[in-house]
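Since the structure comes first, as structure tokens, the remarks are kept for the end.
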Amino acid sequence: MDQVDELLILVSRLKDLKIEVSDTLHVAAIIVKLSTTWNGYRKKLLHTSEDFTINQLIKHIRIEEETRIRENKFAYESGSKVNNIESKKAGYSGKKRKFAETSSQNFANKKKTKTCYFCGKKAHCQNECRFYKKLKVEGNAG
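FYI, the working numbering numbers position 109 of the sequence shown as 109, with every residue one higher than the one before it.
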């Protein structure tokens with residue numbers, strides 16, 4: 001509303017200097033001068049087909065301003081009574097998993113249970129088998 005009052009003062013000064021400003025230009029200047037928080041209402045006013053007089057526009061703006069004040073006051077009063085509950089995602093705890101100290105023991109147990117496909121002995125695989133490696137070297141040499 002302060003911007004509207006400033007424009008009214010400017011128009012009255014222009015009238016004192018005997019410079020006439022048309023009502024449509026005055027109304028358009030008031031609409032354009034509205035703050036960015038009024039963008040939705042500004043678009044509504046610009047897209048209406050009827051032409052407003054200065055007094056009608058001021059009346060509309062005052063009503064809108066009073067409505068916004070009332071809504072903000074109501075939202076503030078009712079907002080303090082609401083319990084907001086924020087929850088995190090169930091799958092993410094925010095902490096990194098630590099490396100288990102028992103994993104080396106598990107690895108040793110798995111290694112003992114492995115059976116070599118080549119010689120049939122436990123505790124190693126075919127690619128670790130000394131008999132397989134020996135045969136492989138002899139096969140490449142000859």
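Glycine included, every Cβ here is placed at the ideal spot set by N, Cα and C.
I need the DSSP call for residue i, collapsed to helix, strand or coil.
{"i": "THR67", "result": "helix"}
{"i": "LYS73", "result": "helix"}
{"i": "LYS122", "result": "strand"}
{"i": "ILE61", "result": "helix"}
{"i": "LEU10", "result": "helix"}
{"i": "ILE19", "result": "coil"}
{"i": "THR36", "result": "helix"}
{"i": "ASP2", "result": "helix"}
{"i": "LYS96", "result": "coil"}
{"i": "PHE52", "result": "coil"}
Output the distance between the C-alpha atoms of residue i and residue j, rounded to the nearest integer angstrom.
{"i": "THR53", "j": "VAL27", "result": "7 Å"}
{"i": "ILE19", "j": "LEU57", "result": "22 Å"}
{"i": "LEU17", "j": "ILE9", "result": "13 Å"}
{"i": "LYS59", "j": "LEU25", "result": "17 Å"}
{"i": "SER22", "j": "ALA29", "result": "11 Å"}
{"i": "SER49", "j": "ILE31", "result": "15 Å"}
{"i": "CYS116", "j": "LYS133", "result": "12 Å"}
{"i": "ALA75", "j": "GLU65", "result": "15 Å"}
For residue i, list the residues DSSP reports as bridge partners.
{"i": "THR115", "result": "LYS122"}
Let me check understanding here. Comparing Cα to Cα, which of the options lies closest to residue i?
{"i": "ARG68", "options": "ASP51, TRP38 and GLU138", "result": "TRP38"}
{"i": "LYS122", "options": "THR113, LYS43 and ARG130", "result": "THR113"}
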